[in-house]
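Just so you know, the protein sequences line up as chains A and B, in that order.
Heads up, the first sequence is in the working numbering, so the first residue is 985 and it goes up one at a time.
Heads up, the second sequence is in the working numbering, so the first residue is 985 and it goes up one at a time.
Glycine included, every Cβ here is placed at the ideal spot set by N, Cα and C.
2 protein chains.
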Amino acid sequence: MNRIPFAEVQAALVGVLRKLGFADDRVEICARLFCETTRDGVYTHGINRFARFVATIRNGRVNPLAEPEVKARFGALERWDGHQGPGNLAALAAMGRAIALGREHGVGCVALGNTNHWMRGGTYGWQAADAGMIGICWTNTMPNLPPWGGAERVIGNNPLIMAVPRASGPVVLDMAMSQFSYGAMESYRKRGEMLPVDGGFDAEGNLTRDPGAIEKSWRPLPMGYWKGSGLAVLLDMVAAMMTLGQATYQISSVAVLETAISQMFLALNPGAFGPAPEVEKIADAVVASLHNCAPAKPGEKVRYPGEQTLHIREENMRLGLPVEPEVWAAILAM
Amino acid sequence: MNRIPFAEVQAALVGVLRKLGFADDRVEICARLFCETTRDGVYTHGINRFARFVATIRNGRVNPLAEPEVKARFGALERWDGHQGPGNLAALAAMGRAIALGREHGVGCVALGNTNHWMRGGTYGWQAADAGMIGICWTNTMPNLPPWGGAERVIGNNPLIMAVPRASGPVVLDMAMSQFSYGAMESYRKRGEMLPVDGGFDAEGNLTRDPGAIEKSWRPLPMGYWKGSGLAVLLDMVAAMMTLGQATYQISSVAVLETAISQMFLALNPGAFGPAPEVEKIADAVVASLHNCAPAKPGEKVRYPGEQTLHIREENMRLGLPVEPEVWAAILAM
């Protein structure tokens, strides 16, 4: 594993994106978002995903010059068209606008259709929390998960993000509707390990912890079985209805062909009714109640969502971003 | 099992509520909400729960005369105080106001603090959908669930509701953050059955499907393990912050003493940008994609959340509400 300074990685990504036709005013931001994702420890969706992002530009699914555009306004609600541009830049703009609407109206909502994969969903939760707002956002995806009771992948794993601002570090939940991602199952299989809990069905239709069996059956579990399945359906419906955009069943099920997806961004202003520092103390007290909980295993402790992020961030900024040698070599060769 | 006409059950509940001091203009609505919950097949939270509701009036936790009151307004966002009145009436008023705000601003939000158990959360999802709006609401609860990694019950099962309007029947998801409720586990145990999937830990800390073992350990599982645990934490934080009300850790863990809880109601207007019938067709097409999915077991079919409700409703209106004889006798004796 290489450790490379943030600025050096970002400069390398900027160089690649420029060659691909990105405009000057956006290239730094797009590269930064990839680096920040790796910096925060979400390695699957940061630099390790850059090559796949580049592939979607080369195959025309992502138009590097397309900018998101507001199509309709109605009070605290706006509908945007992503014009199939870079999904991370569009999502950043959409949450930015939801935050502005939330400041003005107490709650703001942007429905962003015809966009592309936003990479790490938590980015936009952190964005809201860093602005002192509660952020809620979700995306639909290509069909990659069987619904509860179904044998075919017709629903998406539709990540849902909820973020709460706190002076001592935001609380950010970033969760897909599948219990385990294919990437996670692959990692377990390569390490020769079983999943810690049931993750899907084997070829005979039995619940299993065997990651290889689930990869073969293509039947991973929705988180919470029928519950995550139902939530995935509702998130997809609402996103498609509010954007007038595509629902999961209309999206290509080939990863590098996935495009024209639908996303929702909500921002709530916790400072609307009380001084923000006082309101944030309410979240602090909930965190304390978790930390005071007796652990299930001696010596461990209960954590809040996102608790490790600031620690990982500090370490990766101090030591350099961790980058696999082959990933780094590929980027330098692009 | 008795089958008693809706109107007869409602009249009986009205009689009890009058004796408990309910005002004339609200008694019919409160009774109706209990009957509608049983009518729709959510038996745990309808007439079967009425005695427990009455107990909370008698012990002073629910003030039958208290009405919810708006405390602060900020554009599309309002903060309400439930004054510890009947939780179902306060929630109905709060979602009603969120719907009005949503019509005016595209999105509306009411944060309702200091309220009581709303009984069936799906009621307020149906309310939004019947008004042509997308409804999203959640409540916190008393501590009744261990967080992931914890041995003590310090988080709530915090039900989350999402509802989408459709001419042919709303899609309504109504799910608690526990994989199984204590009521469900009790039912399985009494029938001598194992849970269909892991539902909690036994006394040795092993995952189990044995409902009795989980009832003894008081360690049911959050749905999706760490995922539902994290979502429960965020729902609680946001509700407490936006209401300036109580978080789960501050609420009594004795069921009939639970009071002063915090709830969020959001309404999104799907007709803001396009003709509502066209927008609802987007949801119809998602439903069709589920119905067209090959089932995991031959002869079964994939259902959308709330799909059975209209069928059950029709049957219970035709045959009469199903009421256990002892439950009915107890109501008549109140």
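Can you tell me whether residue 1096 (chain B) is buried or exposed, with buried defined as 16 or more other CB within 10 angstroms of its CB?
-> buried
From the beta carbon of residue 1136 (chain A), is the nearest beta carbon of chain B less than 8 Å away?
-> yes
Given residue 1026 (chain B), which residues of its chain have a CB within under 6 Å of its CB, disregarding the five upstream and five downstream residues?
-> 1104
Determine, using beta carbons only, whether residue 1273 (chain A) comes closer than 8 Å to chain B.
-> yes
Which residues, taken in chain order from the segment 1152-1177 of chain B, show a beta carbon closer than 8 Å to some beta carbon of chain A?
-> The segment 1152-1177 of chain B vs chain A, Cβ under 8 Å: 1155, 1157, 1159, 1163.
Quickly, what does DSSP pair residue 986 (chain A) with across the bridge? List them, please.
-> A:1307
Three or more C-beta pairs closer than 8 Å, one from the segment 1254-1268 of chain A and one from the segment 1210-1226 of chain B: is that the case here?
-> yes
For residue 1249 (chain A) and chain D, any beta-carbon pair shorter than 8 Å?
-> The question asks about chain D, but that chain is absent: this structure's protein chains are A and B.
Note the first and the last residue of the continuous beta strand (DSSP E) segment covering residue 1198 (chain A).
-> Here residue 1198 (chain A) belongs to no beta strand (DSSP E); instead the alpha helix (DSSP H) covers 1195-1201.
For residue 1170 (chain B), which residues of its own chain have a beta-carbon under 8 Å away from its beta-carbon, when the five flanking residues on both sides are left out?
-> 1195, 1199
Whether residue 1316 (chain A) touches residue 1023 (chain A) by CB criterion (8 Å) = no
Roughly how far, in whole angstroms, is the beta-carbon of residue 1388 (chain B) from the beta-carbon of residue 1193 (chain B), given that I think they are within contact range, below 8 Å?
-> In the structure as shown, chain B starts at 985 and stops at 1318, and residue 1388 (chain B) therefore has no counterpart that could be examined.
Give a yes or no on whether the minimum CB-CB distance between residue 1091 (chain B) and chain A is below 8 Å.
-> yes
Quick one, which of B:1113, B:1281, B:1016 has its alpha-carbon nearest residue 997 (chain B)'s?
-> B:1016
Where residue 1237 (chain A) and residue 1189 (chain B) are concerned, what is the direct C-alpha to C-alpha distance, given to the nearest angstrom?
-> Looking at the two C-alpha atoms, the distance is approximately 40 Å.
Roughly how many whole angstroms lie between the Cα atoms of residue 1036 (chain B) and residue 1043 (chain B)?
-> For residue 1036 (chain B) and residue 1043 (chain B), the distance between alpha carbons rounds to 11 Å.
Please classify residue 1211 (chain A): is it buried, with 16 or more other beta-carbons within 10 angstroms of its beta-carbon, or exposed?
-> buried
Report the neighbours of residue 1194 (chain A) on chain B: residues whose CB is nearer than 8 Å to its CB, in chain order.
-> Those within 8 Å of residue 1194 (chain A) in chain B number zero; the least Cβ separation is about 16 Å.
Take every Cβ of the segment 1119-1133 of chain A, pair it with every Cβ of the segment 1281-1296 of chain A, and state whether three or more of those distances are shorter than 8 Å.
-> no
Contact belief for residue 1163 (chain B) with residue 1131 (chain B) at Cβ below 8 Å, rounded distance in angstroms = Taking 8 Å as the upper bound for CB-CB distance, residue 1163 (chain B) and residue 1131 (chain B) are not in contact here, some 14 Å apart.
Confirm, please, whether the CB-CB distance from residue 1253 (chain A) to residue 1146 (chain A) is below 8 Å.
-> no
Just grab the DSSP bridge partners of residue 1057 (chain A) for me.
-> A:1062
Should residue 1221 (chain A) be flagged as near chain B, meaning a C-beta pair shorter than 8 Å?
-> yes
Tell me whether residue 1072 (chain B) sits in a helix, a strand or coil according to DSSP, three-state version.
-> helix
Report the three-state DSSP secondary structure of residue 1013 (chain A) (helix, strand or coil).
-> Assigned with DSSP and collapsed to three states, residue 1013 (chain A) falls in helix.
Going along chain B, which residues have a C-beta under 7 Å from residue 1256 (chain A)?
-> 1058, 1061
With DSSP as the reference, please indicate the residues paired to residue 1148 (chain A) in a beta bridge.
-> A:1155
Can you tell which of B:1226, B:1031, B:1087, B:1069 has its C-alpha closest to the C-alpha of residue 1061 (chain A)?
-> B:1087
Give the secondary structure of residue 1080 (chain B) by DSSP, where H, G and I count as helix, E and B as strand, and everything else as coil.
-> In the structure shown, residue 1080 (chain B) adopts helical secondary structure according to DSSP, grouped into three states.
Please go through the segment 1227-1266 of chain A and give each complete beta strand (DSSP E) segment of 3 or more residues, from N-terminal end onward.
-> 1245-1252
Any C-beta of chain B sitting closer than 8 Å to the C-beta of residue 987 (chain A)?
-> no
Are the C-beta atoms of residue 1078 (chain A) and some chain B residue less than 8 Å apart?
-> Under the 8 Å criterion on CB atoms, residue 1078 (chain A) is classed as non-interfacial with respect to chain B.
In chain A, which residues lie less than 8 Å from residue 1189 (chain B) when you measure between Cβ atoms?
-> For the C-beta of residue 1189 (chain B), the chain A residues within less than 8 Å are, from N- to C-terminus, 1280, 1281.
Among residues of its own chain, excluding the 5 on either side of residue 1229 (chain B), which ones have a beta-carbon nearer than 6 Å to its beta-carbon?
-> So the list reads 1097, 1098, 1246, once near-sequence residues are dropped.
Short-range partners of chain A found in the segment 1137-1150 of chain B, where Cβ spacing is below 7 Å = 1138, 1146, 1148
For the segment 1100-1116 of chain A, which residues have a CB atom closer than 8 Å to at least one CB atom of chain B, in sequence order?
-> none
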